[in-house]
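Chains as they are written, first to last, in my numbering: chain B, 759 to 924; chain E, 6 to 107.
Structure representation (structure tokens):
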């Protein structure tokens, strides 16, 4: 409750931010958190669609559960975008862009699909979001000369994912 | 005297997480001191405004060494000693962002 109050004040006054990190590159970059977050977005869409078709529709529990699914979908779409932005901003260098010129457009596409996945409950957008991040993962591992393989995620929604073949 | 600061970054997790707020007391050297384990907000010449835990401080508080609590946090040797003049304040209240679970 008090946190919400402080957060509201922050929106008007913009408190100073203190970094708990120091921006020294740790060298640990991995697209898998973004992939899992995007997969969660599709999972939430599936749960929302399933809930909508169920018998609880219109009841209090229905609204409560639906709100939770939407919240998680929102959070994970944003987390996925954040993870990609970090790799894009901190890891990707000019030499990578020369070798993979499609990266710029791909990152832009990921940002847009992430926003679309938040704005709507269109499963096709969610799947496209996962696919685009998988393409990003493929390029990311290629920059490290690490081969990749494709396999279905061992959990719902079981979409095909790109994994490093270590 | 008092100031609210927003936390970013993970290096003080699991104590502090991004999005948390802290209330700091300024002018700590006029109204007390700081000691090992205190959380301080300070200005770093290269990294800007930072929040870290005091690892140790020499007796006249001319050199204060700080650290994070996260395993991946950068150690104090890379940040270097902090001059007391660069300390903005000491955390006296931690306003936690609600931790969600699914």
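Ideal Cβ placement from N, Cα and C applies to all residues, glycine included.
Exercise for review: Pick helix, strand or coil for residue 843 of chain B, following the three-state DSSP scheme.
Suggested key: helix
Practice item. Could I get the ranges of all uninterrupted alpha helix (DSSP H) runs contained in the segment 792–854 of chain B, with 4 residues as the minimum, in chain order? Key: 818–844
Review point. Do we get a CB-CB distance below 9 Å when we pair residue 59 of chain E with the residues of chain B?
Key: no
Exercise for review: Please check the pair residue 857 of chain B and residue 890 of chain B, which I expect to be a contact at CB under 8 Å, by giving their CB distance rounded to whole angstroms.
Suggested key: Their Cβ separation, rounded to whole angstroms, is 19 Å, which puts residue 857 of chain B and residue 890 of chain B out of contact at 8 Å.
Review point. Taking the continuous beta strand (DSSP E) assigned at residue 774 of chain B, which residues delimit it?
Key: 774–777
Review point. Grouping DSSP H, G and I as helix and E and B as strand, with all else coil, what is residue 862 of chain B?
Key: helix
**Study point:** Three CB pairs or more closer than 8 Å across the segment 24–31 of chain E and the segment 90–103 of chain E
**Key:** yes
Exercise for review: Label residue 38 of chain E either buried or exposed according to how many other C-beta atoms from any shown protein chain fall within 10 Å of its C-beta, with 16 as the threshold for buried.
Suggested key: exposed
Check your understanding: Taking one C-beta from the segment 806–824 of chain B and one from the segment 910–924 of chain B each time, how about it: are there three or more such pairs within less than 8 Å?
Key -> no
Check your understanding: Where residue 778 of chain B and residue 816 of chain B are concerned, what is the direct C-alpha to C-alpha distance, given to the nearest angstrom?
Key -> 44 Å
Point to revise | Nonlocal neighbours in the same chain, by C-beta distance under 6 Å from residue 24 of chain E, ignoring five residues either side | key: 102
Exercise for review: Would you please state the rounded distance, in angstroms, between the beta carbons of residue 9 of chain E and residue 763 of chain B? I believe it to be under 8 Å.
Suggested key: Contact flag wrong, Cβ pair sits at about 11 Å.
Check your understanding: By Cβ distance below 6 Å, which residues in the same chain neighbour residue 929 of chain B in space, the five residues on each side in sequence not counted?
Key -> Nothing about residue 929 of chain B can be reported from this structure: the residues present for chain B run from 759 to 924 only.
**Study point:** Range covered by the beta strand (DSSP E) that runs through residue 918 of chain B
**Key:** 918–922
Exercise for review: Could you give the DSSP three-state label for residue 760 of chain B: helix, strand or coil?
Suggested key: helix
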